[in-house]
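These notes concern the structure reproduced below.
Structure below.
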């Protein structure tokens, strides 16, 4: 019997996923991830009247909402263009290390359309970039879900990943 | 009135897109790309009994099918892990340059599950990597479609892209 690791993974995101095709795709990978590890998604409601705010003010308001969700002992990883790019196997090794170090809770955060404020960068333990290219913060959710599924298929030696 | 550029873009891919959510997502970006430029997708049927072939033989068979589709005067760009990573603006500048050089036909190719054979690498004019991470050759279709849409929204100064 396969026993789920003690480590839990959570994804924090801003605003619900708009496109049906993304909702469907993300759901399908989430289910597959949950076969490997406890995984949940938490969606922070969009800031009201966001369109009337400057990007800077919007990022600050989003930061308050994000920080309110974070406990002091969780490992916080931003999915961010300024982050470090990794190969899929490197990402899997990093996640395996966190399990080996008995990290209990890893929280990944995908920011809003204008990214993160300085407060969030200060709280973060790590930043990972999924690509040099920019993708919409909505599409990133699907890309991340596939990559996290790939990560655990690598850790468990299952044949999803080809080098 | 907006006049479509003379340059045409084509995507060649191996095997039909399996997941409905990907079909939906790709279709939605394709329509938006076609507002900017003549764009089509051509799907090469999967090689028969592919599962019984070695990756090397499969890549060779796929290469024959791909090469039969290519004319000598088109600019062939592989979407490939070994390729050069670009920022979204850099990709848009590159595509703008091709239009400035009066390139008539650009063909992007997404390989099969095991990538490309040497014959394809030899024919290619350029290789672009969308990420250091590995994504499934099916998901790459959606990621590419969003990036090509983003590229033309940048070229046309439309407000899809935030730096």
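Chains as they are written, first to last, in the working numbering: chain A, 20 to 182; chain B, 20 to 182. For every residue, glycine included, the Cβ atom is placed at its ideal position computed from N, Cα and C.
If distances are taken between C-alpha atoms only, which option among the options comes closest to residue i?
i, options, result
"residue 79 of chain B", "B:115, B:59, B:141, B:41", "B:141"
"residue 187 of chain A", "A:104, A:71, A:62", "Chain A is shown only over 20 to 182; residue 187 of chain A falls outside these bounds and no answer can be derived."
"residue 153 of chain A", "A:176, A:102, A:49", "A:102"
"residue 166 of chain A", "A:136, A:111, A:155, A:135", "A:111"
"residue 168 of chain A", "B:178, B:155, B:179, B:164", "B:155"
"residue 73 of chain A", "A:147, A:139, A:157, A:133", "A:133"
"residue 35 of chain B", "B:135, B:65, B:113, B:147", "B:65"
"residue 21 of chain B", "B:83, B:49, B:57, B:33", "B:57"
"residue 30 of chain B", "B:46, B:180, B:24, B:119", "B:46"
"residue 145 of chain B", "B:171, B:175, B:113", "B:113"
"residue 26 of chain A", "A:122, A:48, A:115", "A:122"
"residue 28 of chain A", "A:71, A:109, A:115", "A:115"
"residue 180 of chain B", "B:147, B:109, B:137", "B:109"
"residue 139 of chain B", "B:176, B:75, B:51, B:120", "B:75"
Answer with yes or no whether the minimum CB distance from residue i to chain A is below 8 Å.
i, result
"residue 138 of chain B", "no"
"residue 44 of chain B", "yes"
"residue 97 of chain B", "no"
"residue 166 of chain B", "yes"
"residue 177 of chain B", "no"
"residue 151 of chain B", "yes"
"residue 113 of chain B", "no"
"residue 174 of chain B", "no"
"residue 71 of chain B", "no"
"residue 121 of chain B", "no"
"residue 21 of chain B", "no"
"residue 158 of chain B", "yes"
"residue 155 of chain B", "yes"
Can you tell me which residues form a DSSP beta bridge with residue i?
i, result
"residue 104 of chain B", "B:148"
"residue 57 of chain B", "B:27"
"residue 127 of chain A", "A:30, A:96"
"residue 62 of chain B", "B:32"
"residue 134 of chain B", "B:131"
Would you mind stating whether residue i and residue j have Cβ atoms separated by less than 8 Å?
i, j, result
"residue 91 of chain A", "residue 173 of chain A", "no"
"residue 161 of chain B", "residue 98 of chain B", "no"
"residue 93 of chain A", "residue 124 of chain A", "yes"
"residue 129 of chain B", "residue 96 of chain B", "no"
"residue 104 of chain A", "residue 151 of chain B", "yes"
"residue 83 of chain A", "residue 33 of chain A", "no"
"residue 69 of chain B", "residue 77 of chain B", "yes"
"residue 38 of chain A", "residue 157 of chain A", "yes"
"residue 238 of chain B", "residue 60 of chain B", "The requested residue 238 of chain B does not occur in the structure, where chain B is confined to residues 20 to 182."
"residue 40 of chain A", "residue 40 of chain B", "yes"
"residue 55 of chain A", "residue 171 of chain A", "yes"
"residue 24 of chain B", "residue 118 of chain B", "yes"
Please confirm if residue i has its CB atom under 8 Å from at least one CB of chain B.
i, result
"residue 135 of chain A", "no"
"residue 127 of chain A", "no"
"residue 181 of chain A", "yes"
"residue 169 of chain A", "yes"
"residue 132 of chain A", "yes"
"residue 38 of chain A", "yes"
"residue 4 of chain A", "Residue 4 of chain A lies beyond the range of chain A shown here (20 to 182); nothing can be said about it."
"residue 107 of chain A", "yes"
"residue 162 of chain A", "yes"
"residue 30 of chain A", "no"
"residue 41 of chain A", "yes"
"residue 81 of chain A", "no"
"residue 104 of chain A", "yes"
Are any of the Cβ atoms in chain C nearer than 8 Å to that of residue i?
i, result
"residue 143 of chain A", "The structure shown contains no chain C; its protein chains are A and B."
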